[in-house]
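Residue numbers (the UniProt record's numbering): 1 to 56. Just below is one structure, and these are the notes that go with it.
Now the structure itself:
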């Protein structure tokens, strides 16, 4: 995700960077898990949209 961020805007990496900057702790595990969860949710949403478009 970090290499893609350099060439294309991505709201998931923006979310990760914002949370990382606002966090006071050194551990980023929770932030990474949340970012991946947002990515999976977006993929599922797009998959459902494609399935809906195919069936109609």
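Note that the Cβ used here is the ideal one computed from N, Cα and C, for glycine as well.
For residue 29 and residue 7, the gap between their C-alpha atoms comes out near 25 angstroms. For the 8 angstroms CB-CB criterion, residue 39 and residue 12 form a contact. Counted as a single uninterrupted DSSP element, the alpha helix (DSSP H) harbouring residue 35 occupies residues 29-55. Annotated three-state conformation of residue 23 is coil, per DSSP. Its chain contains 28 and 31 as the residues whose beta carbon lies nearer than 7 angstroms to that of residue 20, once the 5 sequence neighbours on both sides are disregarded; these appear in chain order.
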